[in-house]
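If you read the protein sequences in the order shown, they are chains A and B.
Take the position in the first sequence, starting the count at 1, then add 1297; the result is the number in the working numbering.
Take the position in the second sequence, starting the count at 1, then add 113; the result is the number in the working numbering.
The structure under discussion appears below in the form of structure tokens.
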Amino acid sequence: MINSTLVTDAVNAQRRSEKRRWFVISCLMLVLLLSFVFDIATGPSMLGIADVANALANMLGLPVEVSRTTQVIVTNLRLPIALMAVIVGGSLGVGGAEMQTLLNNPMASPYTLGMAAAAGFGAALMLYLGSLGMNAQIAVPIGAFVCCMLSASLLFGLAMMRHITSGQLILAGIALLFLFQSLLSLVQFVSSPELSQQILFWLFGSLTKATWSNVAITAGVTLVCVLVLMKDAWKLTALRLGEERAKSLGVNVTRLRLKTLIIVAIMTATATSFVGIIGFIGIVAPNIARMLVGEDQRYFLPLSFLVGAFLLSSASVLSKAIVPGSLFPIGIVTAIIGVPFFFWLIIGKKR
Amino acid sequence: MLEVNNLRLAFDDLVLADDISFRLDSGQTHVIIGPNGTGKSTLLKTLFGDLQPQQGEVRFEGELLNRKHLGEWRQRFGYMPQDIRLDVGLSVLEVVLLGQLDALSLKLGNRLLEAALEALDQIGLLHLANRDVRTLSGGQCQMVLFAQALMRQPKILMLDEPVSALDLHFQQVLLDHLDKNTKQHGWVSIMILHDLNLAAQYADNLLVLKEGKLVAQGAPKDILTPELVHEVYGVTAEVMMDSAGVPFVRTQRRGPHAPLT
């Protein structure tokens, strides 16, 4: 009885739509690669694209001629920063995507739920306490990480309770955001002007703190977290149908929510503790990804990563290009270029 | 057979249902009717293990509902909640596929796609398969969610007001399909309806709830009387038999001067 031509058509249409989404993902990979190369090329001494390509090829063991200076600039100075931009941008994008999925709200992100503010407070407190006698390079990220996880665990506690709705979780997150912002202001208020300046600079968010070792840590954490999330891709897709319906499809909503929150918190805490607060990408990247490929998490999740990575990578290029020779804090650039773009997307969404 | 013994549901002091016992046979459609706010949806949620009864037990084929093994308990359920909004960037086909959540992997096989399309075809929605669900009407969403519930190949199918947004044609498509499959596959189908005439037409077994109590149960032709309608809804009605011997309820209009209570 089943209409086989129509079924074949529908299967083909589905396959075409899958191919289209793969195409979008490939395009973004390409754009990301471009901005990554530009990011390496841009700086106080501008490098040619060919030099950058040669230096990268050389690092991969290919027999290419590169001047010693270029090689050093690329390997030791530019590459860690460029990689950090990609990884942190991606992890903020994925973090935002899963927060929005979890809470069924396109305004959710680790930033709006207070995790970034908590990290900022942790870093500021560490600076205020003179890093507790440790090396500031290590102590400040640890302070940020601990506070970020602390604030996230308050959210976990709430999420574990039965009958807590996503709306209530968002409210609680926003309350935490305000709490940690006030605490941060308090630390700044009681600090000396010099210290306050240091805190402020940390809060701006900057990729210049990137070193090979913290790039490796961030990359490792992000990779594991993204893979674990991908394993739950279909369950997360089901969650977007609403909690009650996800339950009716056999999802253990409480467990999935908790697990995802923990993963997002770890990713955010790691990224933020090394580069400071970079807002906006967590909100905007998933929204762009959603418009491009819909909400099948098999595509939505990787694309959120790529869009986030691209946004931060291109912001990094811009931050170096605005005032040539000096370094503009990237946290300032992301929102300034991102907001008009985002407005255009919201208004243009009427299709 | 789904069995409920001596069930009592309450939020703190507020008793939602009390002293409810019934046995629902496989291969039959069981319809729950009753006034608004009388605990019908709550009862379904309890059968699904979403709410914990204060007292009493639920069994399926002898096995007790145990909150520790909720996942396994829910495996056998297809459950279509009342809310029919679908505000998500997915295609109709993808939403139906989610009915087989546990079978889905990162690479979608043709077998599952075809199964989902067959579920859509059976209820006459194949032509919508590749549409974004956000472009559907409420009734179309409801049908898509029905297809999703069918996709689960349930042993127990629970539908909470499944025809609330459907036109006459799709009411019939959904209910006929439900009836046929229930008998064919031996499902325990449980459905909440507000339309007494649809209930009378499609119920093998009618359960009447009022204020959290089960006030009547049985075949519609045996229990659906003007007295029952009046007792449960406070409405005066005539109950006639149609040519097929199915009861037919017609409410009587109250006079223009009747108090609005």
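No residue lacks a Cβ here, since even glycine has one placed at the ideal position from N, Cα and C.
Close-in-space but distant-in-sequence residues of the same chain around residue i (CB under 7 Å, 5 per side omitted)
i: L1376 of chain A; result: I1337
i: K323 of chain B; result: G147, P148, T151, V345
i: I1346 of chain A; result: V1334, A1338
i: V1361 of chain A; result: N1351, A1354, N1355
i: A1568 of chain A; result: V1385, S1388, L1389, T1515
i: A1554 of chain A; result: One point to set straight first is that residue 1554 of chain A is Arg, not Ala, in the sequence displayed. Counting only Cβ-Cβ distances below 7 Å, and skipping sequence neighbours, we find L1399, A1456.
C-beta atoms of residue i and residue j nearer than 7 Å
i: N1549 of chain A; j: P1403 of chain A; result: no
i: V1334 of chain A; j: V1349 of chain A; result: yes
i: L291 of chain B; j: S277 of chain B; result: no
i: G1390 of chain A; j: G1605 of chain A; result: yes
i: L115 of chain B; j: L122 of chain B; result: no
i: V246 of chain B; j: L203 of chain B; result: yes
i: M264 of chain B; j: A216 of chain B; result: no
i: P339 of chain B; j: A313 of chain B; result: no
i: G1417 of chain A; j: L1500 of chain A; result: yes
i: Q195 of chain B; j: D273 of chain B; result: yes
i: L156 of chain B; j: V171 of chain B; result: no
i: S1575 of chain A; j: T1631 of chain A; result: Correcting the residue identity first, residue 1575 of chain A is Ile in this sequence and not Ser. The answer is yes: Cβ separation under 7 Å.
i: L1603 of chain A; j: L1329 of chain A; result: yes
i: V286 of chain B; j: I236 of chain B; result: yes
Within-7 Å CB hit, residue i to chain A
i: R187 of chain B; result: yes
i: A216 of chain B; result: no
i: E351 of chain B; result: no
i: V276 of chain B; result: no
i: L211 of chain B; result: yes
i: V201 of chain B; result: yes
i: L206 of chain B; result: yes
i: L239 of chain B; result: yes
i: Q255 of chain B; result: no
i: N118 of chain B; result: no
i: A242 of chain B; result: yes
Beta strand (DSSP E) segment containing residue i, residue limits
i: A329 of chain B; result: 326-331
i: Q365 of chain B; result: Note, Q365 of chain B: premise wrong, no beta strand (DSSP E); not H, not E.
i: Y1408 of chain A; result: Element bounds for Y1408 of chain A: n/a, residue is neither H nor E.
i: S134 of chain B; result: 127-137
i: D273 of chain B; result: 269-273
i: S1342 of chain A; result: It is not in any beta strand (DSSP E) - S1342 of chain A carries neither H nor E in the DSSP assignment.
i: T142 of chain B; result: 141-146
i: E170 of chain B; result: 168-173
Chain B contact for residue i (CB, 7 Å cutoff)
i: G1591 of chain A; result: yes
i: A1310 of chain A; result: yes
i: W1531 of chain A; result: yes
i: V1304 of chain A; result: yes
i: A1456 of chain A; result: no
i: R1375 of chain A; result: no
i: A1606 of chain A; result: no
i: A1415 of chain A; result: no
i: R1595 of chain A; result: yes
i: A1535 of chain A; result: yes
i: A1307 of chain A; result: yes
i: R1554 of chain A; result: no
i: R1253 of chain A; result: The requested residue 1253 of chain A is not part of the displayed model; chain A covers only 1298 to 1648.
Contacts around residue i, its chain only, beta-carbon distance under 8 Å, and the 5 residues preceding and following it disregarded
i: Q284 of chain B; result: V276, L311
i: E1395 of chain A; result: L1526, L1533, T1557, I1560, V1561, L1598
i: V318 of chain B; result: Checking the sequence shown, residue 318 of chain B turns out to be Asn, not Val. L137, D138, Q141, T142, H143, V144, Q330, G331, A332, listed in sequence order.
Residues of its chain near residue i, where Cβ-Cβ distance is below 6 Å and the 5 sequence neighbours each way are ignored
i: H183 of chain B; result: A small fix is needed here, since residue 183 of chain B is Leu in this sequence, not His. Closer than 6 Å at the Cβ level, and outside the excluded window around L183 of chain B, lie G162.
i: K158 of chain B; result: L164
i: S1601 of chain A; result: G1390, V1391, A1394, A1582, P1583, A1586
i: Q1485 of chain A; result: S1493, I1496
i: P1438 of chain A; result: S1570, F1571
i: T295 of chain B; result: T142, S302
i: S1653 of chain A; result: The question about residue 1653 of chain A has no answer, for chain A in this structure spans 1298 to 1648.
i: E351 of chain B; result: R363
Limits of the alpha helix (DSSP H) - the one that residue i falls within
i: V1630 of chain A; result: 1627-1645
i: G1392 of chain A; result: 1376-1400
i: M1527 of chain A; result: 1509-1528
i: R1312 of chain A; result: 1301-1338
i: I1370 of chain A; result: Looking at the DSSP string, I1370 of chain A is not in any alpha helix (DSSP H), and its letter there is neither H nor E.
Cβ of residue i within 7 Å of any chain D Cβ
i: P194 of chain B; result: Considering every chain present, this structure includes no chain D. Its protein chains are A and B.
**Report entry** Contact list for the segment 1538-1549 of chain A against chain B, Cβ threshold 8 Å
**Finding:** If the cut-off is 8 Å between Cβ atoms, the segment 1538-1549 of chain A has L1538, G1539, E1541, R1542, K1544, S1545, L1546, G1547, V1548, N1549 near chain B.
**Report entry** Contacting positions in the segment 217-234 of chain B - beta carbon closer than 7 Å to chain A
**Finding:** Residues passing the 7 Å Cβ filter: L217, L219, N223, L226, E227, L230, E231, D234.
Report task. Check distances from the C-beta atoms of the segment 163-180 of chain B to those of chain A and list, in chain order, the residues that come in under 9 Å. Result -> Look at the segment 163-180 of chain B: the residues with a C-beta under 9 Å from a C-beta of chain A are D163.
Report task. Anything in the segment 1317-1332 of chain A with a Cβ closer than 7 Å to a Cβ of chain B? List those residues in chain order, please. Result -> Listed by position along the chain: nothing, the set is empty.
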